[in-house]
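Residue numbers (my numbering), protein chains in the order written: chain A, 908 to 997; chain B, 7 to 239.
Laid out in structure tokens, this is it:
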């Protein structure tokens, strides 16, 4: 078993109104960044967990997303392994 | 009517609901979210508030509470369930109602009276209203913007499952009358089987003249009268 560091990105589904992104977009434009075309805000969950392999770590995080971390009506998700720590027994 | 008011850590409209049920002659009981079993209840009510501090998404963590398995079973057995505000959000997260409630388009927490049009006066929660009746009821939420995929929205319209809509003084569902950006001014919807109602506005806060409106009373008298005529289940 190794310990993996994951970043789980929860993204607002394309095509749905993202009021937070819209507000930031208009703030950026009013500060002079008129070339900004679109802004959407999601969230990132930083997680460490034990798994046999990187694939296993991703698989279990994906199942967490389906069950709890993301709302399938409004959000998509993406899981990335960003680091592997020494296993406890090594 | 023996009614269960399910409370979660962070519920804050539980006593208002309890009182509303009492006011229409019902028999309310608090049921803590870690308890199990809803046998012997005629109706189940999920109050407003901020269960689990709205962490992750409003209602997302409450939906994992032990009692929710019983709430789902109660719904599947045809028992009436009313979710108000955070209760509506929990019902959506639990899959008992379609769609989701996202951040208000205004990005503000909206706390004020709104006008609602009764779109369905034939549900177990609305028989004491007239079709098209206009109600004045308060809202208080940051995430009441009803969203779903196009297909679901068409089904809701096609099957007349929108029970309340935000309207103006003329009874028109205008953009200005919409406090949160909800699709087609949706304020409350009912499940396909008709026994689960979710709504963002707070009828339990419009029960006595001293509160500014008594327009919420009908929701509770409608529900209670079902059990007076039909007898205890």
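Cβ atoms here follow ideal geometry from the backbone N, Cα and C, with glycine treated the same way. The model shown is predicted, which means the values in this text are computed figures rather than measured ones.
- Around residue 66 of chain B, the same chain offers 99 as residues with beta carbons nearer than 6 Å, after the five sequence neighbours per side are excluded.
- Going by C-alpha positions, residue 10 of chain B is about 15 Å away from residue 71 of chain B.
- Pairing residue 957 of chain A with residue 988 of chain A, the inter-Cα distance amounts to about 12 Å.
- According to the DSSP assignment, residue 164 of chain B belongs to the alpha helix (DSSP H) that extends over 156 to 164.
- Taking a beta-carbon distance threshold of 7 Å, residue 981 of chain A counts as an interface residue toward chain B.
- Secondary structure of residue 147 of chain B (DSSP, three-state): strand.
- When the Cα atoms are used, residue 124 of chain B and residue 44 of chain B turn out to be separated by approximately 30 Å.
- Look at residue 108 of chain B: its C-beta is under 7 Å from a C-beta on chain A.
- Residues are counted here when their Cβ sits less than 9 Å from a Cβ of chain A; for the stretch 63 to 86 of chain B these are 63, 66, 67, 69, 70, given in chain order.
- The straight-line gap separating the alpha-carbon atoms of residue 89 of chain B and residue 192 of chain B is approximately 15 Å.
- Of all residues in the stretch 929 to 942 of chain A, those with a C-beta nearer than 9 Å to a C-beta of chain B are 929, 930, reading in chain order.
- For residue 99 of chain B, no beta strand (DSSP E) segment is defined; the enclosing uninterrupted segment is the alpha helix (DSSP H) at 92 to 99.
- Counted as a single uninterrupted DSSP element, the alpha helix (DSSP H) harbouring residue 963 of chain A occupies residues 961 to 971.
- Against chain A, a Cβ distance below 8 Å from residue 187 of chain B picks out 924, 926.
- Note that the C-beta distance between residue 167 of chain B and residue 202 of chain B is not below 7 Å.
- Within its own chain, the residues whose Cβ lies closer than 6 Å to the Cβ of residue 139 of chain B, once the five positions on either side in sequence are excluded, are 124, listed in chain order.
- Boundaries of the beta strand (DSSP E) harbouring residue 169 of chain B: 168 to 173, taken from the DSSP string.
- For residue 55 of chain B, same chain residues with a beta-carbon under 6 Å away, outside a window of 5 residues either side, are 16, 17, 18, 19, 92 in chain order.
- Closer than 7 Å to the CB of residue 111 of chain B there is at least one CB belonging to chain A.
- Residue 103 of chain B and residue 188 of chain B have their C-alpha atoms some 15 Å from each other.
- Look at the stretch 138 to 163 of chain B: the residues with a C-beta under 9 Å from a C-beta of chain A are 151, 153, 154, 155, 158.
- When secondary structure is reduced to three states using DSSP, residue 35 of chain B falls in the strand class.
- A residue is called buried when at least 16 other Cβ atoms come within 10 angstroms of its Cβ; residue 966 of chain A does not meet this threshold and is exposed.
- The Cβ atoms of residue 127 of chain B and residue 136 of chain B sit closer than 7 Å to each other.
- Around residue 73 of chain B, the same chain offers 12, 37, 38, 39, 40, 41, 42, 44 as residues with beta carbons nearer than 8 Å, after the five sequence neighbours per side are excluded.
- At a beta-carbon threshold of 8 Å, the residues of chain A lying near residue 105 of chain B are 980, ordered along the chain.
- Pairing residue 225 of chain B with residue 131 of chain B, the inter-Cα distance amounts to about 5 Å.
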